[in-house]
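What follows is a single structure, written as structure tokens, with notes after it.
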Amino acid sequence: MCGIVGYIGPRQATPFLIEGLKRLEYRGYDSAGIAVYDGESIETRRAAGKIAKLEGTLSADPVTGKVGIAHTRWATHGPPTERNAHPHLSTDNTVAVVHNGIIENANVLRKQLTELGHTFRSDTDTETIAHLVQELWEGSLEEAVIGALRKVEGTFGIAVVSSKDPSKIVAARKGSPLLIGVGDGEYFLASDASAILAHTRQVVYLNDGDLAVLTPDGYKVMDINNVPLRRSVERIEWDLAAIERGGYDHFMLKEIFEQPTTVENTMRGRLILEDGTSKLGGLNMSHEQLMAVDNIVITACGTSWHSALIGEMMIEDLCRIPVEVEYASEFRYRNPIITPSTLCIVISQSGETADTLAAMREAKRRGAQTLGLVNVVGSTIAREDDGGIYLHAGPEIGVASTKAFTSQVIALALFALKMARKRTLSVMRGRELAQAMHDLPKQIQSILDRAAEMEKIADEYKDAHNFLYLGRGFNFPAALEGALKLKEISYIHAEGYPAAEMKHGPIALIDEKMPVVFIAPHDGVFDKIVSNIQEVKARGGKTIIITSRDEPALAGLVDHEFRIPETVDMLTPILASVPLQLLAYYIAVKRGANVDQPRNLAKSVTVE
Ligand code: F6R
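This is how it looks when you write it as structure tokens:
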């Protein structure tokens with residue numbers, strides 16, 4: 042959600058800033074802009090729309106200079122116009138700011154600053170920071186930024202440059218990620234490592250409350266009282282290829298097709314077939330601590346919340362420990378019951394989702410042990426949790442989450458297996474589950490090899506206005522996830538429901554125009570879902586059935602069928618989700634939608 046890039050060094054800043062913005066475009070793509078110090082003043086160029094628009098503006102009216110900041114925006118305050126695009130300037134044009142986050146007291150500050158004679162030129166909350174920095178100037182940019190940050194309430198990742206102190210970028214974070222890239226005689230700033238990976242692998246992750254000053258000669262990190270802080274340099278381990286499309290039409294398709302590998306990577310070195318258990322080095326919990334857990338809360342948002350629902354069923358089924366799943370946005374503002382023996386599992390692809398991070402902090406404050414299931418290495422949740430299981434799915438660039446979802450479910454299965462084997466699960470049953478997990482990558486590949494079948498089904502339904510997704514047991518969350526994938530990238534209204542709930546309301550929607558996707562593998566509730574399929578057929582609904590066998594019970598009930606391999610019940614949602622991802626993808630492409638950058642969305646929601 043919004044991307045920030047900065048450069049200071051011997052090279053021209055603009056080409057780097059544009060390249061960095063393009064790498065971050067998946068974070069927010071409704072407007073973009075840059076500010077560069079050209080030796081005399083701060084020059085800004087901004088444009089509404091994609092980065093390509095900004096490139097057009099820059100080729101008509103270039104800027105040169107070796108210090109610059111840039112931003113790609115996902116609008117919060119004010120519509121996505123050029124006027125609201127970042128960077129924002131102070132009244133005297135000496136200070137430029139880019140900002141990710143929300144300044145909650147912006148209206149109060151705006152009123153005070155207007156009374157002091159400042160002129161506002163946008164509808165954004167961000168602009169207040171630029172005016173505050175000008176107002177509080179006492180000689181150095183970092184002192185003025187510190188003064189400004191003392192006055193703002195809310196969340197921010199910011200980068201600031203000024204023509205009054207031009208050989209500097211000052212950055213600060215509170216609730217919005219930022220990192221420094223350490224190059225060879227040059228320094229970078231970014232909200233996401235993918236922006237700078239082409240130039241350096243050495244990064245310094247800033248913590249909440251950190252302020253950083255970058256100059257052509259180095260960088261320093263301090264707190265808001267100007268007290269120096271030590272922050273270690275870490276190495277990014279993944280390659281540029283991981284954030285490029287590699288011949289696929291879209292990142293989403295690439296990421297769907299990566300799943301045999303990503304699922305394998307999540308399990309690598311962790312699954313112990315012989316003992317029917319798993320080894321999870323990052324949990325940071327002793328055997329005694331794990332045995333003392335008597336209730337689990339899982340908190341997450343969106344797709345990650347769907348994987349949490351599957352995790353709940355796995356853990357309760359295998360470990361007999363009660364589990365509550367909570368939307369992070371609700372959990373953080375309720376009065377949740379947390380005891381000293383509560384384990385709070387936090388699931389987040391990005392590790393930066395504001396609500397999920399806040400929920401984790403709340404659980405910690407109340408004394409829970411926290412365990413993060415996170416994909417992005419070095420992200421805030423990963424650094425603040427008590428223990429964790431990294432997903433190792435590699436960077437996910439497509440805004441619609443695919444490979445992170447299947448890896449989350451695998452990570453939950455690894456955890457459930459470990460906890461269950463410590464308690465009541467027999468080695469024989471443990472081995473059976475471990476073997477089934479081990480077989481998943483090949484099974485996923487066999488589904489992907491038949492992607493064309495799903496493309497044909499998509500062709501038939503691309504013009505539908507509504508979709509219903511129904512599943513039972515472990516596949517109810519798969520139905521929710523299938524519906525979410527379709528609605529977010531194709532803009533077709535879709536609902537996921539537990540299949541038997543349909544007759545309590547949604548059945549009223551069924552007619553010959555309503556496609557209904559049933560997730561009906563041959564599992565423990567297969568016979569039950571057949572009756573629900575009959576109910577839809579009886580009302581003329583069109584059925585698309587994801588199943589795992591040639592089932593006589595389905596004769597006459599199927600308009601379209603997609604076969605998935607058989608596995609143990611708890612792993613069926615992993616296999617079922619792959620054709621659902623393909624269905625959503627192909628429908629969206631056929632409708633001409635921008636699959637990787639769906640309207641109104643952005644990857645990683647770092648605002649409330
Ligand atoms: C849907 C999607 C979102 C995210 C949600 C949580 O495809 O990507 O629903 O799952 O915003 O994001 P993370 O997992 O990064 O916390």
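Start counting the sequence shown at 42; every next residue gets the next number (my numbering).
No residue lacks a Cβ here, since even glycine has one placed at the ideal position from N, Cα and C.
- Judged by pairs of C-beta atoms under 8 Å, the segment 603-622 touches the segment 556-569, as three or more such pairs exist.
- Short of 6 Å from the beta carbon of Leu489, and not among the five residues preceding or following it, lie these beta carbons of its own chain, in chain order: Phe298.
- As the crow flies, the alpha-carbon of His127 is around 44 Å from that of Pro547.
- With a beta-carbon spacing of about 5 Å, Val138 and Val201 fall inside the 8 Å limit used to define contacts.
- When DSSP reads this structure, Ala200 sits in a beta bridge with Val139, Ala212.
- Annotation: the segment 543-570 contains the following complete segments of the beta strand (DSSP E) (minimum length 3 residues), in chain order: 556-560.
- The closest heavy atom of ligand 1 lies 7 Å or more from the beta carbon of Ala400.
- Of all alpha-carbon atoms in Gly195, Ala116, His112, the one lying nearest the alpha-carbon of Leu150 is that of Gly195.
- Remark: C-beta atoms of Ala505 and Met355 do not approach each other more closely than 8 Å.
- Check the Cα spacing between Asp71 and each of Leu642, Met308, Thr647: the tightest is with Leu642.
- Taking a 10 Å sphere around the C-beta of Lys526, we find 16 or more other C-beta atoms and assign the residue as buried.
- Cβ neighbours of Gly226 within its own chain (closer than 7 Å, five residues either side excluded): Gly50, Pro51.
- Between Val245 and Leu281, the beta carbon gap of about 20 Å keeps them out of contact (Cβ cut-off 8 Å).
- The nearest non-hydrogen atom of ligand 1 is less than 7 Å from the C-beta of Gly343.
- Its Cα nearest to that of Ile615, the residue Met478 stands out among Met495, Lys578, Met478, Phe372.
- Only buried fits Thr307, as 16 or more other CB atoms lie within 10 angstroms of its CB.
- At least one heavy atom of ligand 1 lies closer than 7 Å to the C-beta of Thr397.
- Here Asn125 is buried, its C-beta having at least 16 other C-beta atoms within 10 Å.
- DSSP places Tyr48 outside any alpha helix (DSSP H); the residue lies instead in the beta strand (DSSP E), whose first and last residues are 44-49.
- The alpha-carbon separation between Gly435 and Ser232 amounts to approximately 17 Å.
- In this chain, the beta strand (DSSP E) harbouring Ala231 covers 228-231.
- Rounded to the nearest angstrom, the gap between the Cα atoms of Thr318 and Leu238 is 36 Å.
- Beta-bridge annotation (DSSP): Cys385 is paired with Val338, Thr411.
- The shortest CA-to-CA distance from Gly90 to any of Thr122, His112, Lys152 is the one to Thr122.
- Pairwise C-beta distances place the segment 409-425 in contact with the segment 385-395, as three or more of them are shorter than 8 Å.
- In this structure, DSSP gives Leu509 an extended state, which the three-state scheme calls strand.
- Looking at the DSSP output, Gln243 bridges to Arg276.
- Each residue's CA atom was taken as its position, placing Val648 and Ile187 some 22 Å apart.
- Remark: C-beta atoms of His112 and Thr165 do not approach each other more closely than 8 Å.
- Within its own chain, the residues whose Cβ lies closer than 6 Å to the Cβ of Leu154, once the five positions on either side in sequence are excluded, are His172, listed in chain order.
- Taking a cut-off of 8 Å for Cβ pairs, the segment 613-632 and the segment 360-374 do not touch, as fewer than three such pairs fall below it.
- A straight line joining the alpha-carbon of Val77 with that of Ser131 spans about 14 Å.
- In the three-state reduction of the DSSP assignment, Gly119 falls in the coil class, being assigned neither a helical nor a strand state.
- By the Cβ test, the segment 275-289 is not in contact with the segment 446-461, since fewer than three Cβ pairs between them sit closer than 8 Å.
- The Cβ neighbour count for Glu179, taken over all protein chains shown within 10 Å, is under 16; the residue is labelled exposed.
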